[in-house]
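Have a look at the structure below before the remarks.
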Amino acid sequence: MFFEQQLNREGEDEDQEGVRREEREMSDVHKKVNIIDNKDEITEREITEGPRISELQEVPSTGSNRNTNLCDCISWNINGLNSPIKQKKLFKYLQIQKADIIALQEVHIAQKQKYLLENKKLGNLFLALDQKKKKGIVLYIKDWIPASLIYSDKEGRTLMVEVEIRKTKTLLVVIYAPNGPQESLFQKLHNKLKELQYQELCIIGDFNAVIDKSLDYKGNNTNLEKKKKLPKVFLDLTKEFNISDVWRERNIGKKQFTYYSNCHMSWSRLDMMWMTKKLNSEILDITMEPNVLADHNMISIELYLAKEKAKGKIKTITGCHGEMGVWPPRLGAVP
Numbered sequence: 002m003f004f005e006q007q008l009n010r011e012g013e014d015e016d017q018e019g020v021r022r023e024e025r026e027m028s029d030v031h032k033k034v035n036i037i038d039n040k041d042e043i044t045e046r047e048i049t050e051g052p053r054i055s056e057l058q059e060v061p062s063t064g065s066n067r068n069t070n071l072c073d074c075i076s077w078n079i080n081g082l083n084s085p086i087k088q089k090k091l092f093k094y095l096q097i098q099k100a101d102i103i104a105l106q107e108v109h110i111a112q113k114q115k116y117l118l119e120n121k122k123l124g125n126l127f128l129a130l131d132q133k134k135k136k137g138i139v140l141y142i143k144d145w146i147p148a149s150l151i152y153s154d155k156e157g158r159t160l161m162v163e164v165e166i167r168k169t170k171t172l173l174v175v176i177y178a179p180n181g182p183q184e185s186l187f188q189k190l191h192n193k194l195k196e197l198q199y200q201e202l203c204i205i206g207d208f209n210a211v212i213d214k215s216l217d218y219k220g221n222n223t224n225l226e227k228k229k230k231l232p233k234v235f236l237d238l239t240k241e242f243n244i245s246d247v248w249r250e251r252n253i254g255k256k257q258f259t260y261y262s263n264c265h266m267s268w269s270r271l272d273m274m275w276m277t278k279k280l281n282s283e284i285l286d287i288t289m290e291p292n293v294l295a296d297h298n299m300i301s302i303e304l305y306l307a308k309e310k311a312k313g314k315i316k317t318i319t320g321c322h323g324e325m326g327v328w329p330p331r332l333g334a335v336p
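If you count by the numbering used here, then the sequence shown holds residues 2 to 336, one letter each, in order.
Written out as structure tokens, the structure reads:
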């Protein structure tokens, strides 16, 4: 009995330390934020400090797309949600975005505490959580999009949900790849995709590796040699299922990043979206947003679902760990 009580106390102490650590990190890394609870606005953005080049000059409209031909999707590594303060801020921020699909990685919420992630304003909830407070994937999908769970691993690394977009069944896969060896994860993913045989496929998330060190990484030469590239098994998977890196296709030769490492003083593009050709052709807009509340940049895309694709809107972006660009660029053009 004594040992059980001791273990319980140790577990509670560990949980409390995790919350305190997240709150310390937020205090050290972020500037002051002021969120008005009764209004859908943020009067002062919480932007991570560090070598950010610039911010958006124009903030696009984030109105609900339920009665339009648009579908907004967000992918974001949020670096933990154990802190109640951070939970409140992040949920408020996501509600303001009014995205139709929200994929979050590294939530650090254990399976037994999944109730903390329920938020009807964000959409129907799909989860891949670890038993402990580490890793973890969360997916919110609005009611108007038919969706059903296909696969959820027990380690918080892979989540698969079938969504129906424009009357076409699409397999949406959210990935949170490990910092260590990745071959096993992507081999399991390959086997599962081969078993399911979806015609339309979208893989999004934090891949914790780069494709091209010369384009997707910026830092000193010593760290460049150590920087991890995506394994061959994943690159083979992209060819077999005919999916492409949709941001890179629209930004040939451009250096823009989604993560800054303070300890290594380096930038990396770790967060990506890979899609089949048909889905890719429906993209109206894709953006790396500025750092807000986390150490990764949020990636957002806008899909146009009407029968005839409208002309893309022009949006000027200065930075988010990158250089100036204009949307939509000509495919294959260097900004």
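Don't be surprised by glycine CBs; every beta carbon is placed ideally from N, CA and C.
7 Å Cβ cutoff, ARG158 in contact with chain B: Absence of chain B from the displayed structure is noted, only one protein chain being present.
C-alpha gap between ILE86 and TYR260, whole angstroms: Between the alpha carbons of ILE86 and TYR260 lies a gap of roughly 23 Å.
Run of the beta strand (DSSP E) containing SER269, from where it starts to where it stops: 267–269 is the span of the beta strand (DSSP E), which, as asked, contains SER269.
Distance between ASN125 and ILE146 (C-alpha atoms, nearest Å): Answer to the nearest angstrom: the Cα atoms are 10 Å apart.
Candidates GLY220, LYS170, LYS214 and LYS279: closest to SER245 by CA position: Taking only the C-alpha atoms, the option nearest SER245 is LYS279.
First through last residue of the alpha helix (DSSP H) which encompasses GLU184: Residue range 184–197 is occupied by the alpha helix (DSSP H) that includes GLU184.
Exposure label - LEU1; buried when at least 16 CB within 10 Å: Because the chain is modelled from 2 through 336, residue 1 falls outside the range shown and cannot be assessed.
Other residues of its chain near LYS40: CB distance less than 6 Å, five sequence neighbours each side excluded: With a pLDDT of only 38 at LYS40, under 50, the local geometry of the prediction cannot be trusted, and no value is derived from it.
LEU173, DSSP secondary structure in three states: Of the three classes helix, strand and coil, the one that applies to LEU173 here is strand, per DSSP.
Pairwise C-alpha distance: PHE242 and THR277: A direct Cα-to-Cα measurement between THR277 and PHE242 gives close to 8 Å.
Cβ-Cβ distance between ALA210 and LYS189 below 7 Å: Cβ atoms of ALA210 and LYS189: not closer than 7 Å.
Check whether ILE138 and ILE103 have beta carbons under 7 Å apart: Cβ distance not < 7 Å, so ILE138 and ILE103 don't count as in contact.
The segment 100–119 contacting the segment 129–136, beta-carbon criterion three pairs below 8 Å: The count of Cβ pairs closer than 8 Å, one atom from the segment 100–119 and one from the segment 129–136, reaches three, so the stretches are in contact.
Closest by C-alpha distance to LYS168, when choosing among ILE176, GLN96 and GLU201: The candidate whose alpha carbon is nearest that of LYS168 is GLU201.
For MET161: DSSP bridge partner residues: MET161 pairs with TYR152 and VAL174.
Spatial distance of ILE176 from ASP207 (CA atoms): Spanning the two alpha carbons is a distance of roughly 6 Å.
Three-way DSSP call (helix, strand, coil) for ASN281 in this model: Correct three-state label for ASN281: helix.
Among LEU304, HIS191, LYS115 and ILE166, the one whose alpha carbon lies nearest that of LYS240: That would be HIS191, whose Cα lies nearest to the Cα of LYS240.
Option in ILE151, LYS155, GLU156 and GLY157 with minimal Cα separation from GLU163: The shortest Cα separation from GLU163 among ILE151, LYS155, GLU156 and GLY157 belongs to ILE151.
Rounded separation between LYS181 and PRO232 - CA only: At residue 181 the sequence reads Gly, which differs from the Lys that was named. It is roughly 11 Å from the alpha-carbon of GLY181 to the alpha-carbon of PRO232.
Rounded straight-line distance, which links the Cα of GLY220 to that of ASP144: Spanning the alpha carbons of ASP144 and GLY220 requires a straight line of approximately 43 Å.
Proximal residues to ALA295 (C-beta, below 6 Å), its chain only, five neighbours per side dropped: Here the set comprises ILE79 and ASN80.
7 Å Cβ cutoff met for ILE275 and ILE166: Looking at the sequence provided, one finds Trp at residue 275 rather than Ile. Between TRP275 and ILE166, the gap from beta carbon to beta carbon reaches 7 Å or more.
6 Å Cβ shell around SER262 - same chain, five flanking residues per side excluded: Excluding positions up to five away in sequence, the list is empty.
Collapsed DSSP secondary structure at SER215 in the structure displayed: DSSP, read as helix, strand or coil, puts SER215 in helix.
Bridge partners - PHE127, DSSP secondary structure assignment: In DSSP, PHE127 forms a bridge with LEU140.
Residue range of the unbroken beta strand (DSSP E) whose run includes GLU201: For GLU201, the enclosing beta strand (DSSP E) starts and ends at 201–207.
Minimum C-alpha distance to GLN112 - residue among LEU285, PRO179 and ASN83: Closest in alpha carbon position to GLN112, among LEU285, PRO179 and ASN83, is ASN83.
Sequence ranges, beta strand (DSSP E) only - wholly within the segment 86–124, length at least 3: Runs of the beta strand (DSSP E) inside the segment 86–124: 102–106.
Boundaries (first-last residue) of the alpha helix (DSSP H) holding TRP77: Not the alpha helix (DSSP H): TRP77 falls in the beta strand (DSSP E), residues 71–78.
Buried or exposed by the 16-neighbour rule on C-beta atoms within 10 Å, applied to GLY254: A residue is called buried when at least 16 other Cβ atoms come within 10 angstroms of its Cβ; GLY254 does not meet this threshold and is exposed.
Three-state secondary structure (DSSP) of LEU238: If DSSP states are grouped into helix, strand and coil, LEU238 belongs with the helices.
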